[in-house]
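*Asks:* Attaching a single structure in structure tokens format; questions to follow.
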Ligand code: C5P
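In our numbering, the protein residues as written are 23 to 242.
This is how it looks when you write it as structure tokens:
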């Protein structure tokens, strides 16, 4: 198979990272979770008592993605592994705001483009197909009903030991989507050449198989 890049975008909790990880593993490609980068910057923003000087923040930040055998992608912020803190409620509540800031996006997108310079990347996020990898070989826009997304996030949070309830999660997901879709810079939207994949009611195996079939079509 020739080397390709795959972009997976879509609203919050649509199953992007679970599926992207599976696809990457099946195809021996590298998975890049761009949301984790925005979450790491948000973690630092909170540590800095919600500074509004985003240029200063990113100019004094180092951010690396490393791959550990047991944990998969880990995020190293200023030489500290912050991966375990990135799903905390406080980070989730502020990440869309931080990700809407121009210096933050410029900083993260530059890193993402560098990571994808060598082909063989499955990258998920909100603007991968539209901004980060406009020439990606395959673009998928993944959606699911808000109820199912809240249900999945609830299960995921339970596994991670994060306290949450269904109604709050539904609201948080809908609010975050609204913010991400309506920001000025690189809003969440389907790329013209992306394929929409509705994962509502589908298993992880089913969705993974659908994407692998799409890859086969373009890569042969
Ligand atoms: O994918 P995840 O839910 O971890 O993303 C967290 C947030 O980071 C999103 O709600 C969005 O505000 C931001 N994000 C973004 N662009 C990306 C990936 C994530 O703006 N490519």
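Note that beta-carbon positions come from the ideal geometry of N, C-alpha and C, so glycine has one too.
Enumerate in chain order the residues of its own chain whose CB-to-CB distance from residue 122 is below 6 Å, with the five nearest sequence positions on each side excluded.
*Replies:* Walking along the chain shown from the start, residue 122 turns up at place 100. Cβ within range, chain order: 205.
*Asks:* Flag this pair as touching only if the stretch 107 to 125 and the stretch 177 to 196 have three or more C-beta atom pairs under 8 Å; answer yes or no.
*Replies:* yes
*Asks:* By a C-beta neighbour count over all protein chains shown, 10 Å radius and 16 as the cutoff for buried, is residue 188 buried or exposed?
*Replies:* For this step, residue 188 is matched to residue 166 along the chain shown. By the 10 Å Cβ count, residue 188 comes out exposed.
*Asks:* So what does DSSP say about residue 73, is it helix, strand or coil?
*Replies:* The residue you call residue 73 lines up with position 51 of the chain shown. Correct three-state label for residue 73: coil.
*Asks:* Between 36, 41, 190 and 54, which has its C-alpha nearest residue 137's C-alpha?
*Replies:* In the chain shown, residue 137 corresponds to position 115, counting from 1. Considering only alpha carbons, the answer is 54.
*Asks:* By a C-beta neighbour count over all protein chains shown, 10 Å radius and 16 as the cutoff for buried, is residue 183 buried or exposed?
*Replies:* Numbered from 1 along the chain shown, position 161 holds the residue referred to as residue 183. A residue is called buried once 16 or more other Cβ atoms fall within 10 Å of its Cβ, and residue 183, having fewer, is exposed.
*Asks:* Taking the CB atoms as reference points, tell me whether residue 73 and residue 67 lie closer together than 9 Å.
*Replies:* Counted from its first residue, the chain shown places residue 73 at position 51. Counted from its first residue, the chain shown places residue 67 at position 45. Contact flag set, yes.
*Asks:* Please identify the residue among 210, 147, 215 and 223 whose C-alpha is closest to the C-alpha of residue 174.
*Replies:* Translated into the one-based positions of the chain shown, residue 174 becomes position 152. Ranking the options by Cα distance to residue 174, first place goes to 223.
*Asks:* To which residues of the same chain is residue 120 closer than 7 Å at the C-beta, ignoring the five residues directly before and after it?
*Replies:* Position 98 of the chain shown, counting from 1, holds the residue named residue 120. Excluding its 5 nearest sequence neighbours in each direction, residue 120 has C-beta neighbours in its own chain below 7 Å: 60, 63, 64, 67 and 126, listed in chain order.
*Asks:* Beta-carbon within less than 7 Å of residue 76's beta-carbon, same chain only, minus the 5 sequence neighbours each way: which residues are those?
*Replies:* Residue mapping note: residue 76 aligns to position 54 of the chain shown, counting from 1. Cβ within range, chain order: 123, 125 and 126.
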